[in-house]
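The sequence shown begins at 0 in numbering that gives the first Met the number 0 and counts up by one.
Every residue, glycine too, gets a C-beta built ideally from N, C-alpha and C.
Structure first, then comments.
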Amino acid sequence: MRRNHEPVLARTVVDEWAIAAQVPKPTARGTMLRYSGAHGCFRRMAYDWFEAQYSDPPTPAMVIQANMGTLFGEAQAAAQIRKYGGEAERASQINHWLSGSADWFGQVPEYGDVVYENKVKSGFAFNKAMGYKRGYGRVSRNGEDGPPLEAVVQAGMNAIGISMELGRTVEWVIVGVLSTDVLSVNEARQIDATDTERFCGEWAVPIDVFEPWARREIARLEEAYEIIDYGNIPPTIAIGDGGVRVDLDPEGKSWQCGYCPYRSLCAKDGEGFVPVTQSALIRRPSTTETKE
Ligand code: SF4
Numbered sequence: 000m001r002r003n004h005e006p007v008l009a010r011t012v013v014d015e016w017a018i019a020a021q022v023p024k025p026t027a028r029g030t031m032l033r034y035s036g037a038h039g040c041f042r043r044m045a046y047d048w049f050e051a052q053y054s055d056p057p058t059p060a061m062v063i064q065a066n067m068g069t070l071f072g073e074a075q076a077a078a079q080i081r082k083y084g085g086e087a088e089r090a091s092q093i094n095h096w097l098s099g100s101a102d103w104f105g106q107v108p109e110y111g112d113v114v115y116e117n118k119v120k121s122g123f124a125f126n127k128a129m130g131y132k133r134g135y136g137r138v139s140r141n142g143e144d145g146p147p148l149e150a151v152v153q154a155g156m157n158a159i160g161i162s163m164e165l166g167r168t169v170e171w172v173i174v175g176v177l178s179t180d181v182l183s184v185n186e187a188r189q190i191d192a193t194d195t196e197r198f199c200g201e202w203a204v205p206i207d208v209f210e211p212w213a214r215r216e217i218a219r220l221e222e223a224y225e226i227i228d229y230g231n232i233p234p235t236i237a238i239g240d241g242g243v244r245v246d247l248d249p250e251g252k253s254w255q256c257g258y259c260p261y262r263s264l265c266a267k268d269g270e271g272f273v274p275v276t277q278s279a280l281i282r283r284p285s286t287t288e289t290k291e
């Protein structure tokens, strides 16, 4: 047998996904900012809004995880609709600059109205959420972190937006974390993991937990909105683990910058605030005339 170092068939669909990922997806209601930007980098939001051409376009290896998540999320929502009714991609808007959509919104016994947020994660993030310490076939439990905080915040903003539009309060969000790296039967035995725990964790978060985080994030995003609306590219700030502010360096090692399609542009623009007229950004060709 020989290994095809340039695969003929194995990456065909991923190559297509990478081509389709060369521009950001539009926001749910055409607003400047989106719920899924929760805890994200201010500057990246500005580049999206000003329609900057990607300086470092996503490669197939960068899009595969996100697209597998999308495919799974669509199948998940379709199954949830078959079982509970409700809606997939339920859009809502909190104000004129912020909108988003819930992976699924509907009613389930015990919780009533629920926003569901579906996260498909690699082994690393899944293990962190579930508290699994894994390596070389050995696994132990190490205290679970629970779902990523930004997923709770994103779901919380969906709940707030949907509540405003429905005129009744959505009191629960449920975050599901599913792994692309399932615990083996042998690993599961070592920690008495159930079949569910091999691939899936789910957390129900009540309004008194998600709402303060979501409102704090809306206030933070308002700062980004004002800076961008004034015609500036903001500083490189985001929220990291534990909900604390982090100052990002496009040439550093943070994962946010590692996956950012604007890395070289951001480095060229330098630190701090940059008036959009002085930014090195080039508008994406098809949208050059649309935003002045
Ligand atoms: S490279 Fe990093 S700091 Fe710059 S826009 Fe992207 S995420 Fe933000």
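Item                                                                                                                                                       : Value
Using the C-alpha atoms, what's the distance from G136 back to A37?                                                                                        : 35 Å
How about C199: is its Cβ closer than 7 Å to a heavy atom in ligand 1?                                                                                     : no
Give a single yes or no on whether Q255 has its beta carbon closer than 7 Å to a heavy atom of ligand 1.                                                   : yes
State the DSSP-derived secondary structure class of A237, mapped to helix, strand or coil.                                                                 : strand
Pick out whichever of Y34, I232, F125, A76 has its Cα sitting closest to the Cα of V176.                                                                   : F125
Note down, in chain order, each residue of its chain lying with its Cβ closer than 7 Å to the Cβ of V114, except the 5 sequence neighbours on either side. : A101, F104, A154, N157, A158, I161, V169, V172
Between F272 and P233, how many whole angstroms is the CB-CB distance? I'm expecting something under 8 Å.                                                  : 6 Å
Check P284 in the structure and name its three-state DSSP category.                                                                                        : helix
Tell me which same chain residues have a C-beta within less than 6 Å of the C-beta of Y46, skipping the five on either side of it?                         : Y261
Cβ atoms of S98 and T26: under 8 Å apart, would you say?                                                                                                   : yes
With a 10 Å radius around its C-beta and 16 neighbouring C-beta atoms as the bar for buried, classify S121 as buried or exposed.                           : exposed
Is the segment 10-19 close to the segment 228-243, with three or more CB pairs under 8 Å?                                                                  : no
What residues are listed by DSSP as bridge partners for P274?                                                                                              : N231
According to DSSP, simplified to helix, strand and coil, what is I190?                                                                                     : coil
Could you please give the first and the last residue of the uninterrupted alpha helix (DSSP H) stretch that includes V152?                                 : 148-165
Would you mind working out which of R89, R140, R214 sits nearest I164, comparing C-alpha positions?                                                        : The residue you asked about is not Ile; residue 164 is Glu in the sequence shown. Cα-wise, what sits closest to E164 is R89.
Assuming Y224 and M31 are in contact, meaning their beta carbons sit under 8 Å apart, how far apart are those beta carbons, in whole angstroms?            : 6 Å
Helix, strand or coil for P23 per DSSP?                                                                                                                    : coil
Could you tell me whether the Cβ atoms of V174 and E86 are closer together than 8 Å?                                                                       : no
Pick from I226, D194, G72: whose alpha carbon is nearest that of N185?                                                                                     : D194
Please list the terminal residues of the continuous beta strand (DSSP E) segment that includes T199.                                                       : Strictly speaking, residue 199 in this sequence is Cys, with Thr absent from that position. First-last of the beta strand (DSSP E) with C199: 199-205.
So what's R81 in DSSP terms, helix, strand or just coil?                                                                                                   : helix
Quick one, which of P59, G269, Q52, Y53 has its alpha-carbon nearest A9's?                                                                                 : P59
List, from N- to C-terminal side, the alpha helix (DSSP H) runs of 4 residues or more that fit wholly inside the segment 65-135.                           : 122-129
Have a look at the DSSP bridge pairing and note the partners of D246.                                                                                      : I236
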